[in-house]
Structures are given as C-alpha cells and as structure tokens.
Amino acid sequence: MKIYLIYIRDEDYYNILPEKFRKSGNSDRVEVMAFPPLGIQTLAPVIRSHGHEVTMFDTCHPQMKEVHIEQAVKDEKPDIIILSFLSTTAYLVMKSMAQRLKKAAPETPIIAGGAFATVNAVKILKDAPYIDCVGRGEGEELIPEYLDNLNNLKIVGGLTWRSNDEVVHNPDRPLISDLDQFPYPDRKSLPVEYIESMPMDAPAVLSLDRFCTMQTTRGCPFQCIYCDIPSLARGKWRSRSPEHVLKEMQQLNDEGYRSIYLTDDHFLMQRKRIETICNGIIDRKLQFHWGCEGRVDSLAVEELPLMVKANCTFLAFGVEAGTKKVLDRLKKNQTLEQIEYAVKQAKKDGIETAHGFFSGWLAW
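Residue numbers (UniProt numbering): 1 to 364.
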C-alpha cells in the first residue's frame, strides 16, 4: 500500500532560517528553525519493512502546505493517510488538514496520532467526523497491525475508530519492550535541514552545525500531575541498549551530524548506562556535541564531568517552581536543595542549562 505520513505543525512554532545564515544555495533543501519530526521519521522505515511505500511530509516546508498535500493526494491517491501532531497548538491545523484531505479523497482512511491524539482519542473522533481513527501510543507495532486488518479493526490494540456513528475504543496495546528491534529513523527523505534553535516569538539560532534529534529511552517513572508522560508511558521507563545507541550515533557522526539533541523524557535515569554511552562516544572519537533532559534529583548528576568529556554541552532540567509548596502540589518529588546542587554542578562543569517553570501556581 501507499502510505502518507504527514507531520503537522503550528505555524508559530518554526521559522525559515534567515537567508544571511544559510549554509548552502541548495534550493531543494529548505533550512528551517525547528526540531525534526522524529515520530514519522521513526515510523517510515518500520512501515517500509512491512512491504509498504511511504512518503513523508512536514508542513514546515514551503511546498508541503495544505494545498500542496491536497494536490499530491489527488495525483498519487495514497491508500492510507497518517496525520501526526504533537499538542493542542497544532490541533486546529490538523483538523483543517484532515477535512481538506477527506474532501479530496473521501474513500481514503485518515488516522491521527501523537501525544495529544492519544490522550484525547474519543473527543477527536466526536469532534472531527472526517478523521476515521486514532492510533494511541507507540506506532511501530500498531500501524502495521492496522494496515493488515483494515477490514477487522476491532482486533487492533490501541486503536480508537468509528463504526457507523459509534466511537469504538479498543483496549490499550502493551508497551513495546524491545526498543532495539527497529531500524534507525529515516532522516534523509524529507528535503529539510533542521536548524537547532528556539524558533518562536523571538527566534534564536543555537547552532548552525548539522542537527538532528535522537531518542534513546522512552517514558519516566515519576508521577508529576501536570505531565502527560505518566499516562502515555504508564509509569514505565524503557531504554535502548547502549550498543544500539552507539551504533546509531556512529552512523550520524559519519553522515556529518555535529549537533544531536536527545529527546528522552529522562536521559539521566541510570548512571551505569550513561557511563557506557559516554565512554563509547569518547572511545569512538565521535565529533558531535549533544544535549539532553533530566531530573535534578538524579544520581546521574554525578556523571556530568564524564558527560562533558563526551561532548555534552546542554542540559534541560525540569525545575518547575522555586517554592517547596508548589513543588509538592505538582508532586514533583524534588527539593530546592537538589535543584540548586544540580544546576551548580552543571555550570561548574561548563554545561549550559535551561529550566522549565510554571507560572500562576499559588504558594499557599
């Protein structure tokens, strides 16, 4: 089958790189201040391995807007359209895209996925009649099973779908236990060079080195009340083996990537694993710099000097608040002393840090 994988962005959350910063005159590849769509990049080779043809789109590309994708649907007549989007800000854009594509190809099933879609699957199908189903959670096993059972959707775990006028919410499927089993993401097919940046109201280029994202773990065992990860990952933290991670890092290094951001929810979970990965980067003399995210209360903070030797230059900490009362309300399970210690250690070791904060929480 011919499958379209479309990543839908809020127009306010990316920028085309200003011309004065552009690295080449290659008009075929657009340089965009945005993070790559790692979800569809991960799904594409998995779906291909099941014998299907895959075309990817990212709406940050000037020639991949609604009108262009609509024309492609009319011309190429894909068998399935998969829409991926991250959060609330892109939901209305996704609805507009789905409605337009359903009008262009009424008989083509449209399936939505992503974090927001997973949490709001039933609401989406009630709100958007032109979307046929929602894939909840991880797609590497769900999508191939869906494609094999288009006439028997009730057996597809993790699928929310429409049967006549009724919304059917199939049972959750198990979390994927072996994250090493899948091919590495397809970072070549989209004609976009992604620029490491903060691309919103005040766009700022962080690095002009060739940039990509990578995921080495999934989930987080903590239960912070503001976060969707506890429901998406069911309180589990799962990891790829260090060997599998290092092989991908070697490949990215050989392909010329010099900046990598690890999108793991909590990279700093296991000290021994971090030691193995960092020593592997050092032993292989890999040339990229990298950043990651983690909690301030992790014992892996003691590994920061080794991480620096392995070219780690950036750490995002979830600080969230500056008072114990608010931290307790958020069920953050960390102390102000842990925050101060982790940030001081990172600064001492030469790692740039960023910190997430909430505003509006009352401290009494």
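Cβ atoms here follow ideal geometry from the backbone N, Cα and C, with glycine treated the same way.
Item, Value
"Between the C-alpha atoms of Arg273 and Gly157, what's the straight-line distance to the nearest angstrom?", "32 Å"
"Alpha carbons only, please: which of Asn311, Leu299, Ser231 and Arg210 is nearest the one belonging to Glu31?", "Arg210"
"Whether or not the segment 98–116 and the segment 12–20 are in contact is what I'm after, with contact meaning three or more pairs of Cβ atoms, one per stretch, closer than 8 Å; do they touch?", "no"
"At the level of alpha carbons, what is the spacing between Arg173 and Lys126?", "22 Å"
"Let's test the definition: count the other Cβ atoms within 10 Å of the Cβ of Ile69 and tell me whether it reaches 16, buried, or not, exposed.", "buried"
"Going by the CB atoms, is the gap between Gly135 and Leu143 shorter than 8 Å?", "Leu is not the amino acid found at residue 143; the sequence shown has Ile there. Yes, the pair counts as a contact, with Cβ atoms nearer than the cut-off."
"Determine the contact status of Phe288 and Asn333, defining contact as a CB-CB distance below 8 Å.", "no"
"Determine the contact status of Ala98 and Ala128, defining contact as a CB-CB distance below 8 Å.", "yes"
"Let me confirm a value: Asp186 is counted as buried when at least 16 other C-beta atoms fall within 10 Å, else exposed. Which label applies?", "buried"
"Consult DSSP for Gly39 and reduce its assignment to one of helix, strand or coil.", "helix"
"Should the segment 342–353 be regarded as contacting the segment 304–318, the criterion being three or more beta carbon pairs within less than 8 Å?", "yes"
"List the endpoints of the continuous alpha helix (DSSP H) containing Gly294.", "First-last for Gly294: His289 to Gly294, but that is the beta strand (DSSP E), not the alpha helix (DSSP H)."
"Can you tell which of Leu315, Tyr226 and Glu243 has its C-alpha closest to the C-alpha of Tyr261?", "Leu315"
"What ranges does the beta strand (DSSP E) occupy inside the segment 259–292, keeping only unbroken runs of at least 3 residues that lie completely in it?", "259–262"
"Return yes when the Cβ of Pro191 is within less than 8 Å of the Cβ of Asp28, no when it is not.", "yes"
"Quick one: what does DSSP say Ser197 is sitting in, helix, strand or coil?", "strand"
"Which partner residues of Asn15 appear in the DSSP bridge assignment?", "Met33"
"Alpha carbon to alpha carbon, how far is Arg284 from Leu92? Give it in angstroms, no decimals.", "45 Å"
"Exposed or buried, Ser197, counting other C-beta atoms within 10 Å across all chains shown (16 or more means buried)?", "buried"
"Quick test of your reading: Ala104 and Val73, contact by CB under 8 Å. State the CB separation rounded to the nearest angstrom.", "5 Å"
"Using a 10 Å radius around the Cβ and a threshold of 16 neighbouring Cβ atoms, would you call Asn152 buried or exposed?", "exposed"
"Taking the CB atoms as reference points, tell me whether Thr213 and Leu5 lie closer together than 8 Å.", "no"
"Roughly how many angstroms lie between the CA atoms of Tyr194 and Thr217, to the nearest whole one?", "22 Å"
"For my contact list, residue 378 and Arg9 are in at a C-beta cut-off of 8 Å; report their separation, rounded to the angstrom.", "In the structure as shown, the chain starts at 1 and stops at 364, and residue 378 therefore has no counterpart that could be examined."
"Among Ser241, Arg258, Glu166 and Cys227, which residue has its Cα nearest to the Cα of Glu275?", "Ser241"
"Considering just the uninterrupted stretch of the alpha helix (DSSP H) at Val67, what are its terminal residues?", "Glu66 to Glu76"
"Buried or exposed for Gly322, going by 16 or more other Cβ atoms inside 10 Å?", "exposed"
"From Asp297, Ala346, Tyr146 and Leu304, pick the residue whose C-alpha is nearest to that of Gly337; which is it?", "Sequence inspection shows Glu at residue 337; the Gly mentioned does not correspond to that position. Nearest of Asp297, Ala346, Tyr146 and Leu304 to Glu337, Cα basis: Asp297."
"I need the straight-line Cα distance from Gly355 to Val119, nearest angstrom please.", "The displayed chain sequence assigns His, not Gly, to residue 355. Their Cα atoms are separated by approximately 25 Å."
"Please report the residue range of the alpha helix (DSSP H) in which Thr118 lies.", "Ala115 to Val119"
"Return yes when the Cβ of Lys154 is within less than 8 Å of the Cβ of Val167, no when it is not.", "no"
"Return the residue from the list Val301, Leu286 and Arg234 that minimises the CA-CA distance to Gly256.", "Leu286"
"If we count the other Cβ atoms within 10 Å of its Cβ and call it buried at 16 or more, is Ala204 buried or exposed?", "exposed"
"Got a sec? Which residues, its chain only, sit under 7 Å from Ile47 by beta carbon, not counting five neighbours each side?", "Ile3, Val54, Ile143 and Pro144"
"Starting from Gly235, follow its DSSP beta bridges and name the residues at the other end.", "Paired residue(s): none; Gly235 is not in a bridge."
"Should Cys312 and Gly291 be called a contact, given that it needs their Cβ atoms to be closer than 8 Å?", "yes"
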